[in-house]
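Only one structure is covered here, and it is reproduced in the block below.
Protein chains: 2
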Amino acid sequence: MLPSAGHLYAGSGTGIETTVTQPKQRTIIRAGTTVEQMVRAIADMIVTGVMVPGERLDELSLAARFEVSRTPVREALRELGAMGLVGREPNRSAIVKNVEEAHLRAMFEAMAELEGICARLSAMRMTADERNALEREHRTSMQLVGAGVAEDYAAYNTDFHNRLYRGAHNDHLLELATQTRARLAPFRRAQFRLAGRLSKSYAEHDRIVTAILRADAATAGTAAYDHVAIVSDASTIFAATRG
Amino acid sequence: MLPSAGHLYAGSGTGIETTVTQPKQRTIIRAGTTVEQMVRAIADMIVTGVMVPGERLDELSLAARFEVSRTPVREALRELGAMGLVGREPNRSAIVKNVEEAHLRAMFEAMAELEGICARLSAMRMTADERNALEREHRTSMQLVGAGVAEDYAAYNTDFHNRLYRGAHNDHLLELATQTRARLAPFRRAQFRLAGRLSKSYAEHDRIVTAILRADAATAGTAAYDHVAIVSDASTIFAATRG
DNA sequence: ACTGATAAAACTGTATGCAGTTTTATCAGT
DNA sequence: ACTGATAAAACTGCATACAGTTTTATCAGT
Numbered sequence: 001m002l003p004s005a006g007h008l009y010a011g012s013g014t015g016i017e018t019t020v021t022q023p024k025q026r027t028i029i030r031a032g033t034t035v036e037q038m039v040r041a042i043a044d045m046i047v048t049g050v051m052v053p054g055e056r057l058d059e060l061s062l063a064a065r066f067e068v069s070r071t072p073v074r075e076a077l078r079e080l081g082a083m084g085l086v087g088r089e090p091n092r093s094a095i096v097k098n099v100e101e102a103h104l105r106a107m108f109e110a111m112a113e114l115e116g117i118c119a120r121l122s123a124m125r126m127t128a129d130e131r132n133a134l135e136r137e138h139r140t141s142m143q144l145v146g147a148g149v150a151e152d153y154a155a156y157n158t159d160f161h162n163r164l165y166r167g168a169h170n171d172h173l174l175e176l177a178t179q180t181r182a183r184l185a186p187f188r189r190a191q192f193r194l195a196g197r198l199s200k201s202y203a204e205h206d207r208i209v210t211a212i213l214r215a216d217a218a219t220a221g222t223a224a225y226d227h228v229a230i231v232s233d234a235s236t237i238f239a240a241t242r243g
Numbered sequence: 244m245l246p247s248a249g250h251l252y253a254g255s256g257t258g259i260e261t262t263v264t265q266p267k268q269r270t271i272i273r274a275g276t277t278v279e280q281m282v283r284a285i286a287d288m289i290v291t292g293v294m295v296p297g298e299r300l301d302e303l304s305l306a307a308r309f310e311v312s313r314t315p316v317r318e319a320l321r322e323l324g325a326m327g328l329v330g331r332e333p334n335r336s337a338i339v340k341n342v343e344e345a346h347l348r349a350m351f352e353a354m355a356e357l358e359g360i361c362a363r364l365s366a367m368r369m370t371a372d373e374r375n376a377l378e379r380e381h382r383t384s385m386q387l388v389g390a391g392v393a394e395d396y397a398a399y400n401t402d403f404h405n406r407l408y409r410g411a412h413n414d415h416l417l418e419l420a421t422q423t424r425a426r427l428a429p430f431r432r433a434q435f436r437l438a439g440r441l442s443k444s445y446a447e448h449d450r451i452v453t454a455i456l457r458a459d460a461a462t463a464g465t466a467a468y469d470h471v472a473i474v475s476d477a478s479t480i481f482a483a484t485r486g
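Now the structure itself:
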């Protein structure tokens, strides 16, 4: 599987790896269903520029490429359509959408606002247990920074942000944040490959955690907003250089 | 098609109408593909409570219900999953996601935050034309309040809020707001039947409009937040009485 | 050569079939 | 009666097949 996209995964930490001989345990990484794998793979190819905007994604070619039938390909394309990464019209091939500058910025801006809200609400609503867990995990993550394994830190990072979303104690907000984050995932994946980003990220997290532990809602909100805004900047630069 | 959901469309304005005798021209309304129709039909059934949270959506039953094969059903379910209306896990039936009491409050809170953000950004970013249009429409709506036709005011109200969402000049925020609003729609509908709600709504709009015209972002944000929060209160009361 | 009609190829939309997984029902052992 | 094992039924994931639509290639008429 993933014949042409394979190299994308070699060091990207999505951990798909489909050596048939190996049982698909892989701790918690869970490769997921065929369709999920394809969604991620294609999403990555789109945002990394391997597939250029306007490029046709015909089902048969993709099926051949991923060595599956057209059925899962169709489902993957539909999901990518819902994610806004590909355009779809009846009886026409799906085409790679131009995730152009403007919309990317919009998504990051929205993400920043959402994270800000979650952090603010977390500062007000997190239980003692949640605060303790947040602090504990945050401290632990320092070691990951030292180790410099981007892959591990990315996994922790996801966990950290999910804690913020859940800490707001608002299911719908959690859903909106998760959803937006999922859409930005492919853009963010490339992020941690940048030098020095890890320790900066940790410092930013620290500001957020400290504010939340102090129940300082306003500071937590702005800190979280800024954290995303920074990633946004770095990411748009990346997007600009690839085009 | 749409055997059980048919009545939903009779007066709902989604304009699907599937009388087979009629050619599917329908100007620009475009019924769309089978899958699109199903997505909308199922989404409506979920949101209107015809399908209750936790209910299993097994593919075979749906296929029978809509008189199609499982393939389009699967694609519809995948899209609904991406929309967040149904939950999906590998090898399990899709299930209708929760829209219960607690979640309802969460949705209103999230909606308030989103409206607040949109109003704030609108105050900063609306073009002169947008501001003028907003003011003009707002003034016109006063007559609707006088007439007291809740239905007409509701239509205007939707328009007003959409202006706010668009005024933020952020596609993704527009999407999140629209999506959340759509989910709350059924709960909000009963709102305007409450006595005195119309003129109160107008007054609240007025505060928002004034702030936006003055480019007073902070005031616009809080005014919009409060506007939704008020509707939320009235609505949760309603929700309590119906259950 | 150039346009327009026409046929072939390519491709999407949907149906159906099979393999593997999960759920449900049945029944022996206690 | 009640638990746990086991077999049957139900259902999902994926593959394949076919019908209908769109695109491309070909060729007659100018």
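As they're listed, the protein sequences go chains F and X. Just so you know, we're using the working numbering here: the first sequence kicks off at 1 and counts up by one. Just so you know, we're using the working numbering here: the second sequence kicks off at 244 and counts up by one. The beta-carbon is built from N, C-alpha and C at its ideal position, and this holds for glycine as well.
| query | result |
| --- | --- |
| Looking at chain F, which residues of the segment 329-346 of chain X have a Cβ within less than 8 Å of any of its Cβ atoms? | Pro333, Asn341, Ala345 and His346 |
| Counting only Cβ-Cβ distances shorter than 7 Å, please list the residues of the segment 346-372 of chain X near chain F, keeping chain order. | His346, Ala349, Met350, Glu352, Ala353, Glu356 and Ile360 |
| Please determine, among F:Leu77, F:His161 and F:Thr180, the residue with the shortest C-alpha to C-alpha distance to alanine 220 of chain F. | F:His161 |
| For leucine 173 of chain F, which residues in chain X fall below 8 Å Cβ to Cβ? | Ala349, Glu352, Ala353 and Glu356 |
| How would you call arginine 426 of chain X, buried or exposed, if buried means at least 16 neighbouring beta carbons within 10 angstroms? | buried |
| Which residues in chain F have a C-beta closer than 7 Å to the C-beta of glutamate 322 of chain X? List them in chain order. | Arg78 and Ala82 |
| Along chain F, which residues have their Cβ under 7 Å away from the Cβ of threonine 465 of chain X? | Going along chain F, no residue has its Cβ under 7 Å from threonine 465 of chain X, so there is no contact; the nearest lies around 14 Å. |
| Give me the residue from X:Arg368, X:Glu310 and X:Ala460 with the minimum Cα distance to glycine 359 of chain X. | X:Ala460 |
| My guess is that alanine 243 of chain X and methionine 281 of chain X are in contact by the Cβ rule of under 8 Å, so how many angstroms apart are they, rounded? | Because chain X here runs from 244 to 486, residue 243 of chain X falls outside it and cannot be looked at. |
| With three or more C-beta pairs closer than 8 Å as the rule, is the segment 359-376 of chain X touching the segment 121-134 of chain F? | no |
| Within 8 Å (strictly less), CB to CB, does threonine 462 of chain X reach chain F? | no |
| So the candidates are F:Ala168, F:Arg136, F:His172 and F:Asn170; which of them puts its Cα closest to the Cα of tyrosine 156 of chain F? | F:Arg136 |
| Provide the residue span of the alpha helix (DSSP H) that contains alanine 82 of chain F, from first to last. | 70-83 |
| Could you tell me whether the Cβ atoms of histidine 227 of chain F and isoleucine 212 of chain F are closer together than 8 Å? | no |
| Rank F:Asp58, F:Glu100 and F:Tyr225 by C-alpha distance to the C-alpha of arginine 70 of chain F and give the top, closest one. | F:Asp58 |
| Could you tell me the alpha carbon to alpha carbon distance between leucine 104 of chain F and tyrosine 202 of chain F, rounded to whole angstroms? | 24 Å |
| For aspartate 154 of chain F, does the count of other Cβ atoms within 10 angstroms reach 16, so buried, or fall short, so exposed? | The residue you asked about is not aspartate; residue 154 of chain F is alanine in the sequence shown. Buried, because 16 or more other Cβ atoms sit within 10 Å of the Cβ of alanine 154 of chain F. |
| Give, in chain order, every residue of the segment 33-52 of chain F whose Cβ lies closer than 9 Å to some Cβ of chain X. | Thr33, Val35 and Glu36 |
| State the DSSP-derived secondary structure class of proline 266 of chain X, mapped to helix, strand or coil. | In this prediction, proline 266 of chain X scores a pLDDT of 31, lower than 50, which makes its location untrustworthy; the coordinate-derived value is nonetheless stated afterwards. It is coil, neither helix nor strand. |
| Using a cut-off of 8 Å between C-beta atoms, extract the partners of threonine 423 of chain X located in chain F. | His172 and Leu176 |
| Unbroken beta strand (DSSP E) runs of length 3 or more, entirely within the segment 372-397 of chain X: which are they? | none |
| Locate the alpha helix (DSSP H) running through valine 452 of chain X, then write down its first and last residues. | 440-456 |
| Using a threshold of 8 Å, state whether the C-beta atoms of glutamate 67 of chain F and isoleucine 95 of chain F are closer than that. | no |
| State the beta-bridge partners of isoleucine 338 of chain X as determined by DSSP. | X:Arg299 and X:Gly330 |
| Do leucine 114 of chain F and leucine 176 of chain F have their CB atoms nearer than 8 Å? | yes |
| If distances are taken between C-alpha atoms only, which option among X:Asn341, X:Ala353, X:Met385 and X:Arg331 comes closest to histidine 448 of chain X? | X:Met385 |
| Closest to threonine 401 of chain X by C-alpha separation, out of X:Met326, X:Met288 and X:His381, would be which residue? | X:His381 |
| Buried or exposed for arginine 214 of chain F, going by 16 or more other Cβ atoms inside 10 Å? | exposed |
| Closest to lysine 97 of chain F by C-alpha separation, out of F:Arg125, F:Met111 and F:Met45, would be which residue? | F:Met45 |
| Run through chain X and tell me which residues come within less than 9 Å of glutamate 59 of chain F, C-beta to C-beta. | Within 9 Å Cβ-Cβ: nothing; glutamate 59 of chain F doesn't reach chain X, min ~12 Å. |
| DSSP three-state label for alanine 63 of chain F, please. | helix |
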